[in-house]
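Chains as they are written, first to last, in this note's numbering: chain F, 1 to 224; chain U, 225 to 457.
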Amino acid sequence: MSLLSNTSVLLGKELRTEFRSRELLTTTGVFIVIVLVLFSFTVNPGTEEARQFAPGLLWLAILFAASLMFQSCFLREQVNDTLSSLRLAVSDPFSIFLAKLAANTLFLLLTELVMLPIVAVFYNIPVLPDLPVLVLVLFVGSLGIAITGTAISAISAQARMRELLLPLLLLPLLTPVLVVSSIVTAGLLDRNPVVQWKGIAFLGVFDLIFLTALWLFGQYFLEE
Amino acid sequence: MTATTLPPTGLRFDNVDKRYGGLYALRHVSLEIAPGECVVLAGRNGSGKTTLLRIAAQIVLPTAGKLTFPGAAPNTSNGRPGYVGHSTMVYDELSAEENLVLFAKLQKVDNPAARAEDLLREVGLFERRDSLVRTFSRGMRQRIAIARALIHCPSVLLFDEPATGLDPLGITWLANALREMHRAGGTILMSLHGESEISALATRAVHIDAGKIIADTSTGGASLHSVLTFGAA
Chain F
1 MSLLSNTSVL LGKELRTEFR SRELLTTTGV FIVIVLVLFS FTVNPGTEEA RQFAPGLLWL
61 AILFAASLMF QSCFLREQVN DTLSSLRLAV SDPFSIFLAK LAANTLFLLL TELVMLPIVA
121 VFYNIPVLPD LPVLVLVLFV GSLGIAITGT AISAISAQAR MRELLLPLLL LPLLTPVLVV
181 SSIVTAGLLD RNPVVQWKGI AFLGVFDLIF LTALWLFGQY FLEE
Chain U
225 MTATTLPPTG LRFDNVDKRY GGLYALRHVS LEIAPGECVV LAGRNGSGKT TLLRIAAQIV
285 LPTAGKLTFP GAAPNTSNGR PGYVGHSTMV YDELSAEENL VLFAKLQKVD NPAARAEDLL
345 REVGLFERRD SLVRTFSRGM RQRIAIARAL IHCPSVLLFD EPATGLDPLG ITWLANALRE
405 MHRAGGTILM SLHGESEISA LATRAVHIDA GKIIADTSTG GASLHSVLTF GAA
């Protein structure tokens with residue numbers, strides 16, 4: 001109970017500070033729009049080529065947007081040493097991770113909400129036919145990215161070459177999520193949509209394994 | 225600050241070492257602080273005072289040795305130490321009240337809003353309770369930092385140069401607050417430079433140099449005055 005109540009209090013803090021500063025959402029939103037609009041000029045909208053490229057581009061844009069988010073996720077706790085005050089205040093440090101993870105997933109989903117109409121319009125790909133499944137894929141994929149990214153962000157925030165360390169550790173770990181998410185999304189955006197449940201199940205298992213690892217070892221990532 | 229009696233809690237360092245790479249910040253530190261003692265840590269910059277306080281706050285883990293809190297009641301919010309460090313440890317993007325309510329909720333304080341309001345009145349920031357902390361002066365930030373540390377009425381207070389940035393009125397307020405905590409049975413460990421209204425509360429002084437304890441008034445041979453002014457070294 002204490003874990004859940006502390007997580008909800010901390011999630012409230014994360015959302016309040018973000019919606020007050022709009023630091024992450026503005027940066028990632030603008031970045032995603034630029035990437036997707038820019039690439040739309042290189043392919044003919046509505047063609048087979050656009051259908052083949054769009055899923056990969058979508059997840060590439062999500063990856064870069066997420067990287068921008070994770071860079072400052074734990075770094076901004078260091079400005080006033082607030083991470084120390086949080087560790088002093090909470091009985092279970094996992095609540096700090098859970099709150100940041102929930103906030104990062106939510107911010108990613110919000111940016112994806114901006115992305116989908118752009119993909120639909122600029123690449124002329126209908127996203128509505130399988131929207132519920134597409135939303136599910138975006139959710140499990142984003143959750144996987146957020147779990148891994150939050151953990152790596154905590155580790156890299158304490159390191160000297162943190163800007164280099166984050167992508168260096170994050171990209172290899174996220175490769176399976178990105179590959180499977182792209183394949184499943186490609187299946188959904190095909191002329192004859194296919195729901196690849198095995199891929200979705202893989203993403204779910206990935207999320208579960210990494211969340212368990214974070215629960216078991218997360219406290220060591222916060223130690224000085 | 226707190227009218228209630230605090231549960232008696234001590235502090236004990238057993239042969240504590242802290243190493244950063246090849247550099248020893250603390251070396252074989254053994255120190256026992258009885259419940260209700262008010263101990264001042266004195267020493268030059270870089271002598272290990274902050275490291276010792278951060279280990280006591282359990283923010284930093286010792287490389288070797290053990291830290292215990294004799295008498296601490298497990299699973300109670302005031303069993304956790306209240307710590308004031310060099311940084312304010314509060315959020316610039318939240319208001320003074322939001323910060324205190326946040327930490328009160330995390331530490332399961334009864335009626336967080338009322339407790340935050342009481343503390344804001346005591347630290348003299350009630351009128352600015354809705355202002356974001358980033359708009360505060362250095363002294364006001366220090367007041368909110370102290371209020372955050374006291375929010376859960378801790379039995380053990382760990383203050384690292386708490387008077388930094390405070391004006392004379394602020395120092396008098398802090399000295400009174402600490403006196404009240406001490407009277408209620410609170411254990412205080414703080415680092416200070418030189419003698420002041422706050423150091424006058426000390427019942428014991430410990431001098432640290434190069435990560436080692438070199439003088440302790442409890443073991444005799446050094447007076448409070450000489451330790452606080454490094455004269456006992």
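Using N, Cα and C, we set each Cβ at its ideal position, and we do this for glycine too.
Neighbourhood of residue 124/F by C-beta, 6 Å cutoff - its chain only, sequence neighbours within 5 removed: 45, 46
Other residues of its chain near residue 116/F: CB distance less than 6 Å, five sequence neighbours each side excluded: 127
Residue 317/U at chain F interface by Cβ criterion, 8 Å: yes
Start-to-end residues for the alpha helix (DSSP H) that takes in residue 254/U: From DSSP, residue 254/U is part of no alpha helix (DSSP H) but of the beta strand (DSSP E) over 247-257.
Chain F contact for residue 329/U (CB, 8 Å cutoff): yes
C-alpha distance - residue 120/F paired with residue 192/F, whole-angstrom precision: 16 Å
Alpha carbon of residue 97/F to alpha carbon of residue 81/F, nearest angstrom: 16 Å
Cβ-based neighbour list, residue 114/F, same chain, cut-off 6 Å, excluding 5 preceding and 5 following: 29
Beta bridge counterpart(s) of residue 414/U as assigned by DSSP: 264/U, 383/U
Contiguous alpha helix (DSSP H) assignments of at least 4 residues, all confined to the stretch 314-399 of chain U: 320-330, 336-346, 362-374
8 Å Cβ cutoff met for residue 339/U and residue 333/U: yes
Cβ distance (whole Å) where residue 276/U is taken to contact residue 253/U below 8 Å: 7 Å
Residue 274/U to residue 384/U span [Cα, whole Å]: 7 Å
Where residue 451/U meets chain F, residues with beta-carbon distance less than 8 Å: Those within 8 Å of residue 451/U in chain F number zero; the least Cβ separation is about 28 Å.
Secondary structure of residue 27/F, DSSP reduced to three states: helix
Secondary structure of residue 432/U, DSSP reduced to three states: strand
Straight-line Cα distance separating residue 14/F from residue 66/F: 16 Å
Outcome for residue 354/U when other beta-carbon atoms lying within 10 angstroms are tallied against a minimum of 16: exposed
is_contact[residue 223/F, chain U] using C-beta, thresh 8 Å: yes
Beta-carbon proximity list for residue 243/U, same chain, < 6 Å, skipping 5 on both sides: 287
Status (buried if at least 16 other CB within 10 Å, exposed otherwise) for residue 206/F: buried
DSSP-derived helix/strand/coil call for residue 226/U: Because residue 226/U carries a pLDDT of 49, less than 50, the predicted location of this residue cannot be relied on, and the following value inherits that uncertainty. Of the three classes helix, strand and coil, the one that applies to residue 226/U here is coil, per DSSP.
Classification of residue 159/F by the beta-carbon crowding that lies within 10 angstroms, buried from 16 upward: exposed
Contacting residues, own chain, Cβ-Cβ under 7 Å from residue 78/F (five flanking each side not counted): 157
Where the beta strand (DSSP E) through residue 288/U begins and ends: 288-292
Cβ neighbour criterion (16 or more within 10 Å) applied to residue 2/F: exposed
Cβ-based burial, residue 335/U [other Cβ within 10 Å; buried from 16]: exposed
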